[in-house]
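Trainee:
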Amino acid sequence: MSKKYLAKILARDLNGLNLISLYCHKSKLKISDIKFLKKNKIFLLSLERSSIKAKNKKKILSICKFEFIDNAKSKNINQYSIEESLTLLAIDTIKTKKGYEFNLLFSDNGFITLSSEIIEVTLEDLKEIKNDS
7 MSKKYLAKIL ARDLNGLNLI SLYCHKSKLK ISDIKFLKKN KIFLLSLERS
57 SIKAKNKKKI LSICKFEFID NAKSKNINQY SIEESLTLLA IDTIKTKKGY
107 EFNLLFSDNG FITLSSEIIE VTLEDLKEIK NDS
C-alpha cells in the first residue's frame with residue numbers, strides 16, 4: 007500500500023505564492039466553494055486540483071486560504087450562480103503602497119482581487135478524490 011502524501015504550503019513571500027499559483031493552475035471550483043469571512047479577514051477557496059507529482063494526475067481536494075484580507079472584489083463572476091464552475095488559471099500578485107493585491111484569474115475573464123498588507127497564504131490538501139471510472 008502506497009503512503010498518502012498530502013501537501014501543505016505556507017507562502018509568506020512572492021516565491022511561495024508563485025508556487026501555490028503553480029499548484030492551483032487549472033483547478034476546478036464552484037462559485038459556492040468561494041467564501042470571504044470579512045470579520046475574520048479570511049478568504050477561502052475549496053478547489054479540485056491535479057497533482058503535479060503523480061504520473062496518473064490524481065485529483066486532490068484542497069483549500070487555499072488567504073489571511074489578513076482587508077477587501078475582496080470580483081468581476082465577471084455572478085455570485086448568485088452558485089453551481090457555476092470556474093477554472094482558476096493563476097494567482098497574480100501586485101505590490102501596492104499599502105501592501106499587496108492578489109488577483110485570482112479565472113476562465114472566461116473572471117477575476118477576484120484581494121487586498122492585504124502582508125502575504126499569508128496556505129494551500130492545504132484535504133484528500134485525494136477517487137475516480138468513479
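If you read the sequence shown in the working numbering, its first letter stands for residue 7, the second for the next number, and so on.
Every residue, glycine too, gets a C-beta built ideally from N, C-alpha and C.
Please read these numbers as outputs of a predicted model, since none were measured by experiment.
1) Whose C-beta lies closer than 6 angstroms to the C-beta of Glu130 among residues of the same chain, with five residues either side of it excluded?
2) Report the residue from Ser56, Asn21, Ser122 and Glu90 whose alpha carbon sits nearest the alpha carbon of Gly105.
3) Spell out the partners DSSP gives Asp131 in its beta bridges.
4) Mapping DSSP to helix, strand and coil, what is Ser38?
5) Assess contact between the stretch 73 to 90 and the stretch 21 to 35, defined as three or more Cβ pairs (one per stretch) separated by less than 8 angstroms. Is contact present?
Mentor: Looking at the coordinates:
1) Start at 1 with the first residue of the sequence shown, and residue 130 comes out as number 124. Cβ neighbours of Glu130 beyond the five flanking positions: Lys14 and Ile69.
2) Taking the first residue of the sequence shown as 1, we reach residue 105 at position 99. If you compare the alpha carbons of Ser56, Asn21, Ser122 and Glu90 with that of Gly105, the shortest gap goes to Ser122.
3) Locating residue 131 in the sequence shown gives position 125, where the first residue counts as 1. Per DSSP, Ser68.
4) Position 32 of the sequence shown holds residue 38. Judged by DSSP in its simplified three-state form, Ser38 adopts helix.
5) Judged by Cβ distances under 8 angstroms, the stretch 73 to 90 makes no contact with the stretch 21 to 35, as fewer than three pairs qualify.
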